[in-house]
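Notes follow the structure.
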Amino acid sequence: MNAHDLRALKVPLIVLISVIAIGAGLIYYSDITLAQAQLALTQQQAQLNVARTRLQKSGDEKELIVRYLKNYEYLQRLGFAGDEQRINWLDGLRLANQQTQLFGIDYQIGVQQPYPYASELDPGQLALYQSVMKINVRLLHEGDLMRFLGTLAKEGAGVFSVNECTLQRIDTGGSIRFQPNLRADCELAWITVRPATPGEKKS
Amino acid sequence: MADKLLISVSASQVSAARWQGGRFAKCNVFANSEDGLAGFKDYLEQVSRLPVHILIDAVEEDYRFELLPHSFGADRSQMVNRKLKQHYRNTPYSSARPQGRDSGKRRDDRYLFCALTNPELLASWVQAVSESKLPIAGIYLLPTVSHGLVEKLQLKQPNLLMVSIHSAGMRLTYFRDQKLRISRLARIDSTGPQAIKSYSEEISNTRLYLHALRIMTLDEQVSVLIIDRDDSLTELADAVVRDNPNIECRRLGRPEIVASVGISAPALDSSTDAFYLHLLGLHAPDSNLAPSNVTSGYRQLQARHGVFALTSAAAFVAASWCAVNLYRIVDTRFDTTSAARQTVQLQAQYQEATRQFPAAPTTADNLKRAVDISQKIGATMRSPEAMMSLVSQALESNPSIILKTMGWKYGTANIDVDSGKSSQSTGNPGALAMAAGSRRQSGLVDGEVRPFRGDYRAAIETINRFAETLSQQPQVAEVKILKMPLNISPGLTLSGNTTDSREQAGRAEFKLLLVLKQTI
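The listed protein sequences correspond, in order, to chains A and B.
Quick note: the first sequence uses the working numbering, first residue 1, plus one each step.
Quick note: the second sequence uses the working numbering, first residue 204, plus one each step.
Set out below in structure tokens:
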């Protein structure tokens, strides 16, 4: 095929290239549209399955509510479920101090933050938070610390875990008067749980 | 079957017919003269963009049957072209047609070389076609299209002589094993009263001619097929058989031609060449005499048709693809809409069902999880009590150890040995979460040996004994003495006093890290 032959084929070749280009474009566009439609169908079917499963399990759901509602309400009153109840914590500290006859408690509560060990607890749609409280307690002897912590837990002011404690002997100068011999610095984590709001990162 | 223009050129006349829908209606006949050429040009002006197939019926033709060494590809075409140039150097109209393999040991290739030896006969007509911008697809010798009739009638005779009367004379074409071997045009006056006798004699002479050429022997039986398009040769068959006892003769009369070939009677009557033009229209033979410069227009036309066919195929594929996609899109969207409708219905049914539920502050799953989480936290909660108990027991066994400070921590990292606090107490929550499964209790015991009067050996032994007591407890994972009263490292300066005075002997202080097993 020489140059003259190619010149004679100029128009047909232009038509061919145009048709291929337009055809490829249409195929690409239709493929994309089809993929989007299939994705939308997949998502819709997933929603349908969720709705179907939810309806099928509505009987189980009712049973769960009946079974766990009272316990949950107790946790709400305890201050574990729902917003944190700092006043309850302070009341708990005050009452525990009185009941264990200690020498007063210094405290400092930090800002609320996500509970770092939430993944151990399989929280699902719940979000767990902790507020770290640092307390300074003066004790007659080391047994008072355990009595204090046990009393604080029984006060029902909330759910907490003890992260760390340091016991240090106080120099009393040999006096045997009723005065503290030990100082305890402890860090407690007051834990709360509440349903995660949309867009909220679960802890 | 594609439309085309069929032209037959002989020394006396030119016939042209337009092939449409697998047949032609009639031939236009032009005299082979200046006037005829002018009329032919006028006729061509009415034809546009049709490929032209030209049939030439002339005395100036040549057929050569040759054996060539078996080859293929470029070697074969080079050898054949060389032979063509060697045989027909004075004409551009030549061709070679392979006719199978020889039965000899070498199994050579058999070729029929043929050519129009007088190109001038065709020149003015080819030029007229070229001037009218019609693409020439091929130029063929008339006998080459006769092979189509052999196949059409399924003639199996090994020696077949096909006879027909044309405007230029009597055409005798010989087929050996259904393959064209030689043909000749004898100029015989067909108008005289002795025409039949002359024809019969010519057939007898042709038999002798074939014998002379060593194509066949006289002993072999020959079958003669008389193409009698106007039923004027009915006596010829009898005459041939009478003159040549070992010749089998068959006449193909006008009704048989019309019935077997499919040509219409008016078309057959329109020209003496109409029959062969029809065969050419049905199937163009392989032996095309036209050189490539003559058929360049046809190649362009074919290429254009090829490109347009490709364009059509591309358009069809794209349209089909898009149609299938469109159907699937519509189908998918219908399914999506249907699923959405079902989802809404199920959600409504669920909402209806939840009205029967007790009032709850959150979902059932959240209720259950919150309760479970509170129980898990209770189960994983730790206090310093266990460690304090262990240390107390060890102190009872080692009364000379005095405790100054004791730190405790429950976390993923051990307690900070410098300050007694956790090194990660307020660290990155994510980092803690990653190691969440390995929380354990660790403690830092800061104490001294009393009384101490400068006997470091005894003090160190006491501390080691204390550590040994702790490590023997089943709950303990690790005990590590971090600091001793005396650093005896050779890399450091060591100074002191050996007096027994307690005040001058200093203190036997130590630090000890205690780690409990994770299960505790």
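Ideal Cβ placement from N, Cα and C applies to all residues, glycine included.
For residue i, count neighbouring C-beta atoms within 10 Å of its own C-beta (all shown protein chains included) and say buried if the count is 16 or more, exposed if not.
{"i": "residue 144 of chain A", "result": "buried"}
{"i": "residue 600 of chain B", "result": "exposed"}
{"i": "residue 303 of chain B", "result": "exposed"}
{"i": "residue 29 of chain A", "result": "exposed"}
{"i": "residue 219 of chain B", "result": "buried"}
{"i": "residue 567 of chain B", "result": "buried"}
{"i": "residue 720 of chain B", "result": "exposed"}
{"i": "residue 111 of chain A", "result": "exposed"}
{"i": "residue 234 of chain B", "result": "exposed"}
{"i": "residue 686 of chain B", "result": "exposed"}
{"i": "residue 131 of chain A", "result": "buried"}
{"i": "residue 342 of chain B", "result": "buried"}
{"i": "residue 308 of chain B", "result": "exposed"}
{"i": "residue 256 of chain B", "result": "buried"}
{"i": "residue 554 of chain B", "result": "exposed"}
{"i": "residue 314 of chain B", "result": "buried"}
{"i": "residue 153 of chain A", "result": "buried"}
{"i": "residue 533 of chain B", "result": "exposed"}
{"i": "residue 294 of chain B", "result": "buried"}
Tell whether a beta-carbon distance below 8 angstroms holds between residue i and residue j.
{"i": "residue 570 of chain B", "j": "residue 673 of chain B", "result": "no"}
{"i": "residue 208 of chain B", "j": "residue 261 of chain B", "result": "no"}
{"i": "residue 679 of chain B", "j": "residue 715 of chain B", "result": "no"}
{"i": "residue 492 of chain B", "j": "residue 280 of chain B", "result": "no"}
{"i": "residue 325 of chain B", "j": "residue 259 of chain B", "result": "yes"}
{"i": "residue 362 of chain B", "j": "residue 425 of chain B", "result": "yes"}
{"i": "residue 597 of chain B", "j": "residue 655 of chain B", "result": "no"}
{"i": "residue 557 of chain B", "j": "residue 58 of chain A", "result": "yes"}
{"i": "residue 488 of chain B", "j": "residue 348 of chain B", "result": "yes"}
{"i": "residue 718 of chain B", "j": "residue 653 of chain B", "result": "no"}
{"i": "residue 189 of chain A", "j": "residue 148 of chain A", "result": "no"}
{"i": "residue 339 of chain B", "j": "residue 475 of chain B", "result": "no"}
{"i": "residue 405 of chain B", "j": "residue 391 of chain B", "result": "yes"}
{"i": "residue 439 of chain B", "j": "residue 402 of chain B", "result": "yes"}
{"i": "residue 156 of chain A", "j": "residue 78 of chain A", "result": "yes"}
{"i": "residue 713 of chain B", "j": "residue 650 of chain B", "result": "yes"}
{"i": "residue 109 of chain A", "j": "residue 86 of chain A", "result": "yes"}
Rounded to a whole number of angstroms, what is the C-alpha to C-alpha distance between residue i and residue j?
{"i": "residue 466 of chain B", "j": "residue 481 of chain B", "result": "7 angstroms"}
{"i": "residue 526 of chain B", "j": "residue 10 of chain A", "result": "30 angstroms"}
{"i": "residue 107 of chain A", "j": "residue 90 of chain A", "result": "9 angstroms"}
{"i": "residue 14 of chain A", "j": "residue 514 of chain B", "result": "10 angstroms"}
{"i": "residue 455 of chain B", "j": "residue 351 of chain B", "result": "15 angstroms"}
{"i": "residue 370 of chain B", "j": "residue 213 of chain B", "result": "8 angstroms"}
{"i": "residue 633 of chain B", "j": "residue 116 of chain A", "result": "Caution applies to residue 633 of chain B, whose pLDDT of 37 falls short of 50 and renders its modelled position unreliable; the model cannot decide the point."}
{"i": "residue 251 of chain B", "j": "residue 332 of chain B", "result": "11 angstroms"}
{"i": "residue 5 of chain A", "j": "residue 495 of chain B", "result": "13 angstroms"}
{"i": "residue 725 of chain B", "j": "residue 231 of chain B", "result": "Nothing can be reported for residue 725 of chain B, as the shown portion of chain B is limited to 204 through 723."}
{"i": "residue 48 of chain A", "j": "residue 546 of chain B", "result": "5 angstroms"}
{"i": "residue 186 of chain A", "j": "residue 72 of chain A", "result": "29 angstroms"}
{"i": "residue 366 of chain B", "j": "residue 376 of chain B", "result": "7 angstroms"}
{"i": "residue 625 of chain B", "j": "residue 63 of chain A", "result": "Low confidence applies here, because residue 625 of chain B scores a pLDDT of 44, under 50, leaving its location unreliable; read the following figure in that light. When rounded, the distance between both Cα atoms is 45 angstroms."}
{"i": "residue 266 of chain B", "j": "residue 522 of chain B", "result": "52 angstroms"}
{"i": "residue 240 of chain B", "j": "residue 330 of chain B", "result": "10 angstroms"}
{"i": "residue 7 of chain A", "j": "residue 300 of chain B", "result": "33 angstroms"}
Residues of chain C with a CB under 9 angstroms from the CB of residue i: which are they?
{"i": "residue 125 of chain A", "result": "Note that chain C does not occur in the displayed structure, where the protein chains are A and B."}
Exercise. Using a Cβ-Cβ cut-off of less than 9 angstroms, give me the residues of the segment 156-170 of chain A that come near chain B, in sequence order.
Key: 159, 160, 161, 162, 163, 164, 165, 166, 167, 168 and 169
Exercise. Check distances from the C-beta atoms of the segment 562-574 of chain B to those of chain A and list, in chain order, the residues that come in under 8 angstroms.
Key: 563, 564, 565, 566, 567, 568, 569, 570, 571, 572, 573 and 574
Practice problem: Anything in the segment 39-63 of chain A with a Cβ closer than 7 angstroms to a Cβ of chain B? List those residues in chain order, please. | Solution: 40, 41, 44, 45, 47, 48, 51, 52, 54, 55, 58, 61 and 62
Exercise. Note down, in chain order, all residues in the segment 98-120 of chain A with a beta-carbon under 9 angstroms from any beta-carbon belonging to chain B.
Key: For the segment 98-120 of chain A, which is checked against every Cβ of chain B, the residues closer than 9 angstroms are 110, 113, 114, 115, 116, 117, 118, 119 and 120.
Quiz item: Which residue spans inside the segment 254-307 of chain B form an unbroken beta strand (DSSP E) run of at least 3?
Solution: 255-260, 264-271 and 297-304
Quiz item: Got a sec: which bits of the segment 534-548 of chain B sit with their beta carbon under 7 angstroms from any beta carbon on chain A, in order along the chain?
Solution: 535, 536, 538, 539, 542, 543, 545 and 546
Quiz item: When Cβ atoms are compared, which residues of the segment 607-621 of chain B fall closer than 8 angstroms to chain A?
Solution: 607, 608, 609, 610, 611, 612, 613, 614 and 618
Quiz item: Any residues in the segment 9-33 of chain A with a beta carbon nearer than 7 angstroms to a beta carbon of chain B? Which ones, in chain order?
Solution: 9, 12, 13, 15, 16, 19, 20, 23, 26, 27, 30, 31 and 33
Quiz item: Which residues, in chain order, does the segment 586-604 of chain B contribute to contact with chain A at a C-beta distance below 7 angstroms?
Solution: Those residues of the segment 586-604 of chain B that come within reach of chain A (Cβ to Cβ, closer than 7 angstroms) are 586, 587, 588 and 591.
Quiz prompt | Unbroken stretches of the beta strand (DSSP E), 3 residues or longer, contained in the segment 447-533 of chain B | solution = 450-455
Quiz prompt | Positions along the segment 497-511 of chain B whose CB lies within less than 8 angstroms of some CB in chain A | solution = 499, 502, 503, 506, 507, 510 and 511
Quiz item: Where are the alpha helix (DSSP H) runs, 4 residues long or more, that stay fully inside the segment 108-174 of chain A, in chain order?
Solution: Fully enclosed alpha helix (DSSP H) runs of 4 or longer: 143-154.
Exercise. Determine which residues of the segment 231-261 of chain B have a Cβ less than 9 angstroms from any Cβ of chain A, and write them out in chain order.
Key: none
Exercise. Let me know the beta strand (DSSP E) ranges lying completely inside the segment 580-617 of chain B, each 3 residues or longer, listed in chain order.
Key: 604-614
Quiz item: At which residue ranges does the segment 307-348 of chain B contain complete alpha helix (DSSP H) runs of 4 or more residues, listed in the order of the chain?
Solution: 323-334
Quiz item: Of all the beta strand (DSSP E) runs that stay within the bounds of the segment 365-393 of chain B, which reach a length of 3 or more residues?
Solution: Entirely contained in the segment 365-393 of chain B, the beta strand (DSSP E) runs reaching 3 residues are, in chain order, 372-379 and 382-389.
Quiz prompt | Contact list for the segment 260-282 of chain B against chain A, Cβ threshold 9 angstroms | solution = none
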